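Numbers in my numbering are just positions in the sequence shown, counted from 1, shifted up by 4. Even glycine gets a Cβ: it sits at the ideal position worked out from N, Cα and C. Computed from a predicted structure; not experimentally measured.
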Amino acid sequence: MLPELLCPVGGLRQLQAAVRFGADAVYMGVQNYGLRAFAGNFTFEEMADAIKFCHKAGVKAYVTLNIFPFDDDLPGYLDAAKRLCDMGIDAAIVSDMGALDMLHHEVPELELHLSTQANAMNTRTVLLANRLGAKRIVLAREMSLARIKKMHAQLPEDVELEAFVHGAVCMSFSGRCVLSDYLAGRAANKGACAQPCRWQYAVVEEKRPGEYMPVETDERGTYIFSSGDLRMLEHLPDLIDAGIDSLKIEGRMKNEYYVSAVARCYRRALDLYAKSPENYTPENPEVKALGVALDRISHRRSDTGFFYGSPKPSGCADGFFQNSEFTGYVMEYDAQNSSALVEVRNRMLLGDTIGILSTGDDASFVLDRIENPETGESMDGARIGKSIVRINMPHPVETGDMLYGVVRNHLR
C-alpha cells in the first residue's frame, strides 16, 4: 500500500492546487492556533468551505492546532477544536502533550496527530502519545530511516508514522527555537517566527570590535545558521520500507506554484513506484526527470536531512537556486482564439519561452501576444503584480494551470 501524500495549504489557491495535483490529504491552519501565523490561514467560516471542498474531492483535511498554549489559551483552544470537529476535519495536529490529553478527553471523536514539534524520537514517547489519544505521530526530523524502521517494528499496527520528506528545514529542526522571540520579539512557538536563522551574520572577535569576519561568504553575505532544504524524491523506496505511512511536504508559507509543482512531482513519483517498485532508483530516467522538474522551483541546496545519518554542515552560503519562476496563473482558456486570460505573477516579455505546469504532459510555447483584456491593446510585456492579461496559448490549458518562465527577479 502506498503512503499518503500530505501537502501544505496556506490559503484557497494552495488548497485548490494541492487537491488538483494529487494530494491524498492536506494540512492547513485556522487563525490563531497554528505555527504559521503569517500564512494565509483560514477563518472558521472559510475552513468549513475548505473541508467540504476536500471531502468532495476525496481528500482528507487536517488542521494544525500546534501552538504551545499557556493556561489562558486553553479555553479558546478547546473551543476551536470543538468547532473544527463539528465541521468534519479528519484530524487535528497537536504539539503539546497536555493539550493532546485534553482534546482526547473533551473531544473524543476527534482524531489526533502528534506534531513534529513534540520531538517524538523514541518508541516510549510514541506509545505515551498514543495512550494520550494520538493515532498518528509526526516524527522528529532528527530521525534516521534505520531508527524509524526499528521503531515501526515495535509499534501496534494502528499507530501511524508520518515524516517530512521535502522542503525547508528549521535551524532547530524539531526543537522549540527562541531566536525569533529574542531578536525580533516574535514568538516562533506561537506561529510568528521571523526566521532570523535566514538573516546574514558575521563573526566579530572580542578584541577587534568593528572587524567583521564573514564565513564562507559571497556578495549576499553569509548564512551561519541557515540550513539546506530536505528532498527525498529519489529515495521513496527507503521511506516506504521504513514503514512511514504519510509523506509530508513542508510549505504552508509557499505559493500555489510551489504547492502545484511539488505535489505533481511526488504524486507522479509515488505512481511510478507503484507501477514498478524494483525499477524506482535515482538513476531511472523518469525519476531524474521529476528531479529536474523540482529544480525549477526556488530552493536552497538540498540533501536527505538526517534520514541517512547526520547531515554535513554547510551554512547554506549559496542562498537560493531556481531554474525558472512563476509567471502566471491561468484563469480562463479560449480555445477558439487560442488564447488564455492570465493573472501575472512575475514579469513576462514578448519572445519569452513559457512553460506550462498542468495535470497533463509538459509543454511550452513562445510568448508572441500580450493584450490588455479590457481594451485589446497590444503590450510588449506584463509587469510584476497581480495584473490580468490575455496571451497567446497554442496548447489547451485549464483554470488553475501555472505558467513559468525566465528568472528575472531572483537573488542569483
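query = Using DSSP with H/G/I as helix, E/B as strand and the rest coil, what is Lys-139?
reply = strand
message = Quick check: Leu-159 and Ala-133, are their CB atoms within less than 8 Å of each other?
response = no
message = Going by the DSSP bridge assignment, what does Asn-396 pair with across the sheet?
response = Ser-343
inquiry  = Quick check: Pro-398 and Ser-314, are their CB atoms within less than 8 Å of each other?
reply    = no
query = Under a Cβ-count criterion, where at least 16 other Cβ atoms within 10 Å of its own Cβ denotes burial, should Ile-228 be classed as buried or exposed?
reply = The predicted model places Ile-228 with a pLDDT of 49, which falls under 50 and marks its position as unreliable, so this point remains unresolved.
request  = Please confirm if the segment 109-121 is in contact with the segment 135-149, defined as three or more CB-CB distances below 8 Å between the two stretches.
outcome  = yes
request  = Kindly indicate which three-state DSSP category Thr-331 falls into: helix, strand or coil?
outcome  = strand
DSSP state of Val-63 mapped onto helix, strand, coil = coil
task = Mind checking who Asp-338 pairs with in its DSSP beta bridge?
result = Ser-343
message = In the DSSP output, which residue or residues are listed as bridge partners for Met-236?
response = Per DSSP, none; premise fails for Met-236.
ask   = The beta strand (DSSP E) with Gly-33 in it runs from where to where?
value = 29-33
request  = Indicate the three-state DSSP secondary structure (helix, strand or coil) for Tyr-270 in the structure shown.
outcome  = helix
inquiry  = Quick check: what's the CA-CA separation for Ile-360 versus Arg-394?
reply    = 15 Å
ask   = How should Gly-432 be labelled, buried or exposed, when 16 other C-beta atoms within 10 angstroms of its C-beta is the threshold for buried?
value = In the structure as shown, the chain starts at 5 and stops at 416, and residue 432 therefore has no counterpart that could be examined.
request  = Within 10 angstroms of the Cβ of Arg-300, are there 16 or more other Cβ atoms? Answer buried if so, exposed if not.
outcome  = buried
inquiry  = Can you give me the C-alpha to C-alpha distance between Thr-403 and Tyr-337, rounded to a whole angstrom?
reply    = 7 Å
task = Please report how far the alpha carbon of Asp-249 lies from the alpha carbon of His-108, in whole angstroms.
result = 22 Å
Closest residue to Glu-4 among Ala-167, Thr-127, Ile-358 (Cα-Cα distance) = The structure shown does not extend to residue 4, since the chain spans only 5 to 416, so no value can be given for it.
task = Go through the segment 49-132 residue by residue and report every complete run of the beta strand (DSSP E) that reaches 3 residues or more, in order.
result = 64-69, 95-98, 116-118
ask   = If you compare alpha carbons, which of Thr-129, Arg-268, Tyr-277 is closest to Asp-366?
value = Arg-268
message = Does Leu-6 pass the burial test, meaning 16 or more other C-beta atoms within 10 Å, or should it be called exposed?
response = exposed
request  = Given a cut-off of 8 Å, decide if Pro-377 and Ile-392 are closer than it, judged by their beta-carbon atoms.
outcome  = yes
query = How is Met-155 classed by DSSP in three states: helix, strand or coil?
reply = helix
inquiry  = Please report the straight-line C-alpha distance between Asp-94 and Lys-211, rounded to a whole angstrom.
reply    = 58 Å
query = Distance, Cα to Cα, Pro-213 vs Gly-92?
reply = 59 Å
Which of helix, strand or coil DSSP assigns to Glu-220 = Since pLDDT at Glu-220 reaches only 49, below the 50 mark, its modelled position is unreliable, and the value read off the structure follows with that caveat. Note: Glu-220 maps to coil in three-state DSSP.
message = Quick check on the DSSP output: the alpha helix (DSSP H) that includes Lys-292 runs from which residue to which?
response = 289-299
key: Residue range of the unbroken beta strand (DSSP E) whose run includes Ala-367   = 367-370
task = Using 10 angstroms around the beta-carbon of Gln-340, count the other beta-carbons present and answer buried if the total reaches 16, otherwise exposed.
result = exposed
query = How about Ser-328 and Gly-409: are their beta carbons less than 8 Å apart?
reply = yes
Phe-25, buried or exposed, once every other Cβ within 10 Å from all chains shown has been counted against 16 = buried
query = DSSP on Leu-353, reduced to helix/strand/coil?
reply = strand
key: Identity of the residue in Leu-78, Cys-89, Arg-151 nearest Phe-310 by Cα   = Arg-151
Alpha helix (DSSP H) segment containing Leu-6, residue limits = First-last for Leu-6: undefined, no H or E at that position.
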